[in-house]
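*Asks:*
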Amino acid sequence: MAKGLISPAACQSRSQILPSAGFVSSHPNGFTLLELLVALVILGLCLAVLTSSISDSLARAERIETANHAESLADSILLQLGRDAPVVAGVTKGEVQNLFWRLIAGPAPGFLGNMRVDEIDLTITTASHRVVGQWRTLRLAPP
1 MAKGLISPAA
11 CQSRSQILPS
21 AGFVSSHPNG
31 FTLLELLVAL
41 VILGLCLAVL
51 TSSISDSLAR
61 AERIETANHA
71 ESLADSILLQ
81 LGRDAPVVAG
91 VTKGEVQNLF
101 WRLIAGPAPG
111 FLGNMRVDEI
121 DLTITTASHR
131 VVGQWRTLRL
141 APP
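At position 122 of the sequence shown (counting the first as 1) the number is 122 in this note's numbering, and the numbers step up by one without a gap.
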């Protein structure tokens, strides 16, 4: 018999001799409990990382969608202001599809002469009061 190998008679009936390595395995057709536990821990860690990554991606996509919607709303409000609706000094508020906007208008300081310039400040927030965007512009008031 080769040196380092265990004789078949010394092994239990379920054992298997691996002659190339000289090891005896008592589970020829399966894995040990420890091997299965290690595999489950590795799988759990991979799933935790994957779940976290997917959750972050979904939250980022929602923020981007909200920001795009807010930008469209701001463009619409600012385009209508002075054209379809007159610029009224003071604060105007509104809500469109869970986005809340506040428009502050008034004469812009520092302009002289016979032309009146209005300063427009538009802020859009979510229902949780998170500021999505702020826009500030100047408008030439009609004579």
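Just so it is clear, CB atoms sit at the ideal spot from N, CA and C, and this is done for glycine as well.
Assign Leu124 to one of two classes, buried (16 or more other C-beta atoms within 10 Å of its C-beta) or exposed (fewer than that).
*Replies:* Here residue 124 refers to the residue found at position 124 when the sequence shown is read from its first residue. The residue asked about is misnamed: residue 124 is Ile in this sequence, not Leu. Burial of Ile124 is indicated by the presence of at least 16 other C-beta atoms within 10 angstroms of its C-beta.
*Asks:* Give me, in chain order, the residues of the same chain whose beta-carbon lies closer than 8 Å to that of Thr126; leave out the 5 immediate sequence neighbours on both sides.
*Replies:* As a working mapping, residue 126 is identified with position 126 in the sequence shown. Contacts found: Thr66, Asn98, Leu99, Phe100 and Val132.
*Asks:* Measuring straight from C-alpha to C-alpha, what distance separates Ala61 and Ile54?
*Replies:* Counting from one through the sequence shown, the residue named residue 61 turns up at place 61. Counting from one through the sequence shown, the residue named residue 54 turns up at place 54. Rounded to whole angstroms, the gap between the alpha carbons of Ala61 and Ile54 is 10 Å.
*Asks:* Name, in chain order, the residues that DSSP records as bridge partners for Arg136.
*Replies:* Here residue 136 refers to the residue found at position 136 of the sequence shown. Arg136 pairs with Asp121.
*Asks:* CB Ala108 to CB Leu81, shorter than 9 Å?
*Replies:* Translated into the one-based positions of the sequence shown, residue 108 becomes position 108. Translated into the one-based positions of the sequence shown, residue 81 becomes position 81. The answer is no: Cβ separation not under 9 Å.
*Asks:* Which residue from Trp135, Asn29, Ala141 and Leu103 puts its Cα closest to that of Asp118?
*Replies:* Within the sequence shown, the letter at position 118 stands for residue 118. When C-alpha distances from Asp118 are compared across Trp135, Asn29, Ala141 and Leu103, the shortest belongs to Ala141.
*Asks:* So who's on the other strand from Leu33, going by DSSP bridges?
*Replies:* Reading the sequence shown from its first residue, position 33 is the one you call residue 33. For Leu33, which the question treats as bridged, DSSP gives no partner whatsoever.
*Asks:* If you draw a straight line from the C-alpha of Ser15 to the C-alpha of Leu45, how long is it?
*Replies:* Here residue 15 refers to the residue found at position 15 of the sequence shown. Here residue 45 refers to the residue found at position 45 of the sequence shown. The predicted model places Ser15 with a pLDDT of 48, which falls under 50 and marks its position as unreliable; any figure quoted below should be read in that light. Going by the C-alpha atoms only, they are around 34 Å apart.
*Asks:* Does DSSP classify Gly44 as helix, strand or coil?
*Replies:* The residue labelled residue 44 in the question sits at position 44 within the sequence shown. Gly44 falls in the helix class under three-state DSSP.
*Asks:* Just confirm the distance between the C-beta atoms of Val96 and Leu122, as a whole number of angstroms; I'd bet it's less than 8 Å.
*Replies:* Indexing the sequence shown from 1 puts residue 96 at position 96. Indexing the sequence shown from 1 puts residue 122 at position 122. 13 Å between Cβ atoms; not a contact.
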